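Data first, discussion second: the structure below is written as structure tokens.
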Amino acid sequence: MLGLETMNATTASQGIVLNQVGYLPSAAKIALVRNAEAPAEAVAQLINTADDSVALTLEPSALAIDSASGDGLQQLDFSGVRRSGSYRWQYGDLESVPFTIATNPYAAATRLLLRSYYLQRCGIELADPETGIYHPPCHRHDGRMAHSDSVNDAEWYLAAAGGWHDAGDYGKYVSTAAVTVGRLLSVYEQAPDRFWDGQLNIPESGNGIPDLLDEMRVGLDWMLRMQRADGAVYRKLSGTSWPIDLTPDEDTQTRYVYGISTPETAKFAGAMAQASRIFQPFDEAIAQQYLAAAVKAWDFLATQPRMLVDEHPGDNDGSGAYLFSDWDQEDTLRVDIDDRLWAAAELFLTTGQEPYAAYFSQHVDALPYGLFEWKDPSALGLLDFVMQAPNDVNATALKERIVEKLLTRADRLIAIAHSNGYHLANDCFIWGSNKMVAEEGITLAYAYQFTGDRRYLEAAQQQLDYLLGRNPFNQTFITAVGAHSVQHVNHLFARARDLLIPGLVVGGPNSDAQDEIAPKGQGILSYLDSEKSYATNEYAIDYNASVIGLITLLESYVTS
Numbered sequence: 000m001l002g003l004e005t006m007n008a009t010t011a012s013q014g015i016v017l018n019q020v021g022y023l024p025s026a027a028k029i030a031l032v033r034n035a036e037a038p039a040e041a042v043a044q045l046i047n048t049a050d051d052s053v054a055l056t057l058e059p060s061a062l063a064i065d066s067a068s069g070d071g072l073q074q075l076d077f078s079g080v081r082r083s084g085s086y087r088w089q090y091g092d093l094e095s096v097p098f099t100i101a102t103n104p105y106a107a108a109t110r111l112l113l114r115s116y117y118l119q120r121c122g123i124e125l126a127d128p129e130t131g132i133y134h135p136p137c138h139r140h141d142g143r144m145a146h147s148d149s150v151n152d153a154e155w156y157l158a159a160a161g162g163w164h165d166a167g168d169y170g171k172y173v174s175t176a177a178v179t180v181g182r183l184l185s186v187y188e189q190a191p192d193r194f195w196d197g198q199l200n201i202p203e204s205g206n207g208i209p210d211l212l213d214e215m216r217v218g219l220d221w222m223l224r225m226q227r228a229d230g231a232v233y234r235k236l237s238g239t240s241w242p243i244d245l246t247p248d249e250d251t252q253t254r255y256v257y258g259i260s261t262p263e264t265a266k267f268a269g270a271m272a273q274a275s276r277i278f279q280p281f282d283e284a285i286a287q288q289y290l291a292a293a294v295k296a297w298d299f300l301a302t303q304p305r306m307l308v309d310e311h312p313g314d315n316d317g318s319g320a321y322l323f324s325d326w327d328q329e330d331t332l333r334v335d336i337d338d339r340l341w342a343a344a345e346l347f348l349t350t351g352q353e354p355y356a357a358y359f360s361q362h363v364d365a366l367p368y369g370l371f372e373w374k375d376p377s378a379l380g381l382l383d384f385v386m387q388a389p390n391d392v393n394a395t396a397l398k399e400r401i402v403e404k405l406l407t408r409a410d411r412l413i414a415i416a417h418s419n420g421y422h423l424a425n426d427c428f429i430w431g432s433n434k435m436v437a438e439e440g441i442t443l444a445y446a447y448q449f450t451g452d453r454r455y456l457e458a459a460q461q462q463l464d465y466l467l468g469r470n471p472f473n474q475t476f477i478t479a480v481g482a483h484s485v486q487h488v489n490h491l492f493a494r495a496r497d498l499l500i501p502g503l504v505v506g507g508p509n510s511d512a513q514d515e516i517a518p519k520g521q522g523i524l525s526y527l528d529s530e531k532s533y534a535t536n537e538y539a540i541d542y543n544a545s546v547i548g549l550i551t552l553l554e555s556y557v558t559s
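Here's what the structure looks like:
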């Protein structure tokens, strides 16, 4: 079902679009024929590329116009094909790119997505043995206090080197670092067998700890350095101007630490508490350090019943605000209860202590089940509670309420997916829409886990299909993944050295197109693969985390 009116299509480019990486054998598999005139022999053939034999002959569905893109679309549903191999579709003169059906089709892509964090490390000499990407040590003197506060004076040196460059620029933000760590630690906690020591060929490989956890320590340990003596956490670290086409080591401006906030302090507490229990089997000392930092942050929050943000004019001249702004106006940015809810959940799950459980249970109904992001991280706290909390009488009742909230959202996502031709569960094309697609896919995957209803699982698969090429651009939104992948990422280091850094997820269609480069006001079509389009084609660390999360859940839930 396309959920569209049936009519003649006269729009632009023709082709067969699909997940260019491939499919698990038992996954839903739907390719889309775009804007095609029916050939004389109006059937499509699925060709096994090993010997050019025909694996399936199929008549495409009736043509329907997707109101979002204007594309005339026909479906090729080949979910029944389960034999592993390499295939391509042929429909008249139209031919798809080759793709695979396999028990592990996403292994290489997942590895690239994970390794990208190593390539984003700040404060080190980067000499990657696999890609040859290199830069000398950078940002070793992060950073100076931008303003005086109740604890530190302006220009005081806060030793906060390390971490990851957040995106295409060189700023570092607690908000996005925390949700990145949170999503990936949650994925690890639920599927630890999919992550192992030596997986990524990073400097820490071989130390007996899964490489994913080693990489998460890079973000966690940097966040520790951003905590003030009283437990509050500074929001971000950056220069006072945006660098232009410089390598990280060439960005030699003085970099500043900007004021504390309760939202960032709460996000920090959530990520640290979560990390404490996950690192416990590997390094008890670091686990205790993370927990102590989380408790200290929570204790500071207890002294601040209202949201507090220490912001000054000029603080955002060289970095993103990550606050309520002209472009980011979600209700959750006016409060910090969403952030505290995540923190309370993780602190309870790690310590078992009643005060955290009490806060969580008292506030769990204050918000709907939302999309996990820096603007509202509460969904991860809700979900981790359902997955990890002991099943006593009170917890069981609370879990049932949370699952009901999640399913309410999942049902709305199903309705949205049925209303458009690309089966997208996200109809909000703003900054970072690709992350939103992945996170909605994660919600749908969990809805399947809680119900066993395959409608949710199939919808989750189709969110990944969109990201991996089944979209109006016939393009994957991840560098070096798929036959036609994004090429021109808005990324300072890549631009300065004319590099294609593998494994970077870009933001995707954005109707606001703040860069004035991508088409504005065109919804799903407001996208341009241009290094100048920072509003649609910039990478960010939390985008990768969401896509890794979706892939891992699908691999866990779709039986081969």
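Residue numbers (numbering that gives the first Met the number 0): 0 to 559. We put the CB at the ideal spot given by N, CA and C, even for glycine. Computed from a predicted model, the values in this text were never measured in an experiment.
Taking the DSSP output, what are the residues bridged to residue i?
| i | result |
| --- | --- |
| tyrosine 233 | Ile259 |
| phenylalanine 98 | Tyr86 |
| leucine 45 | Leu55, Trp88 |
| histidine 134 | Leu125 |
| serine 484 | Thr475 |
| isoleucine 29 | Asp76 |
| isoleucine 540 | None; isoleucine 540 has no bridge partner. |
| asparagine 489 | Glu537 |
| methionine 144 | Val256 |
| arginine 120 | Trp163 |
| isoleucine 64 | Gly71 |
| valine 505 | Tyr538 |
Tell me whether residue i sits in a helix, a strand or coil according to DSSP, three-state version.
| i | result |
| --- | --- |
| threonine 478 | coil |
| glutamine 19 | coil |
| valine 546 | helix |
| aspartate 330 | helix |
| alanine 107 | helix |
| glycine 14 | strand |
| valine 557 | coil |
| arginine 494 | helix |
| leucine 552 | helix |
| alanine 268 | helix |
| serine 238 | Checking the sequence, you will find glycine at residue 238 rather than serine. Here glycine 238 sits in strand by DSSP. |
| glycine 2 | Caution is warranted here: a pLDDT of 39 is assigned to glycine 2, below 50, making its placement in the model unreliable, and no coordinate value can be reported. |
| leucine 245 | coil |
| isoleucine 523 | helix |
| glycine 71 | strand |
| leucine 93 | strand |
| alanine 8 | Reliability fails at alanine 8, whose pLDDT of 31 lies under 50, so the model's placement of it is uncertain and the value that follows must be treated cautiously. Coil. |
| asparagine 433 | helix |
| glutamate 438 | helix |
| phenylalanine 323 | coil |
Assuming the contact rule is C-beta atoms closer than 8 Å, residue i and residue j should be a hit. Round their C-beta distance to whole Å, please.
| i | j | result |
| --- | --- | --- |
| tyrosine 368 | leucine 381 | 6 Å |
| arginine 87 | threonine 56 | Not confirmed; about 14 Å, so no contact. |
| threonine 179 | aspartate 541 | 5 Å |
| isoleucine 477 | leucine 62 | Going by Cβ atoms, the distance from isoleucine 477 to leucine 62 rounds to 30 Å, so no, they are not a contact pair. |
| leucine 75 | isoleucine 29 | 7 Å |
| leucine 366 | isoleucine 401 | That pair is no contact at about 11 Å. |
| glutamine 19 | glycine 468 | 4 Å |
| histidine 134 | proline 242 | With 8 Å as the limit, histidine 134 and proline 242 do not qualify as a contact, their Cβ atoms being about 13 Å apart. |
| arginine 254 | serine 237 | 6 Å |
| alanine 107 | glutamate 457 | The Cβ separation is near 24 Å, so there is no contact. |
| glutamine 73 | valine 32 | 4 Å |
Against chain C, does residue i count as a neighbour if the rule is that its beta carbon must be under 8 Å from one of theirs?
| i | result |
| --- | --- |
| proline 209 | Note that chain C does not occur in the displayed structure, where there is just one protein chain. |
Less than 7 Å separating the Cβ of residue i from some heavy atom of the ligand SAM?
| i | result |
| --- | --- |
| tyrosine 233 | Of ligands this structure carries none, so the ligand SAM is not represented either. |
task: Write down every uninterrupted run of the alpha helix (DSSP H) in the region 151-231 whose length is 4 residues or greater and which is fully enclosed by it, in chain order.
output: 173-189, 210-224
query: Curious, which full-length beta strand (DSSP E) runs of at least 3 residues does the region 340-422 contain?
result: Listed in chain order, there is nothing to give.
- prompt: What are the uninterrupted segments assigned as alpha helix (DSSP H) that are 4 or more residues long and contained completely in the region 282-309, given in chain order?
  reply: If we require 4 residues or more, the alpha helix (DSSP H) runs fully inside the region 282-309 come out as 283-301.
field: Inter-stretch contact (C-beta, 8 Å, three-pair minimum) for the region 153-166 and the region 277-290
entry: These segments do not touch.
message: Does the region 458-466 come into contact with the region 441-450, if we say contact requires no fewer than three beta-carbon pairs (one atom in each stretch) closer than 8 Å?
response: yes
message: Within 8 Å, do at least three Cβ pairs link the region 389-396 to the region 422-432?
response: Because the criterion of three Cβ pairs below 8 Å is not met, the region 422-432 and the region 389-396 do not touch.
Any 3 or more C-beta pairs closer than 8 Å across the region 480-498 and the region 519-534: yes
field: the region 202-215 in contact with the region 289-298 per 3-pair CB rule at 8 Å
entry: no
- request: Kindly confirm or deny that the region 138-153 and the region 253-267 touch, where touching means at least three C-beta pairs closer than 8 Å.
  value: The answer is yes - the region 253-267 touches the region 138-153, with three or more Cβ pairs under 8 Å.
query: Does the region 226-237 come close enough to the region 264-274 to have 3 or more Cβ pairs within less than 8 Å?
result: yes
Stretch pair the region 534-554 + the region 177-192: three plus CB contacts closer than 8 Å: Cβ pair count under 8 Å is three or more, so yes.
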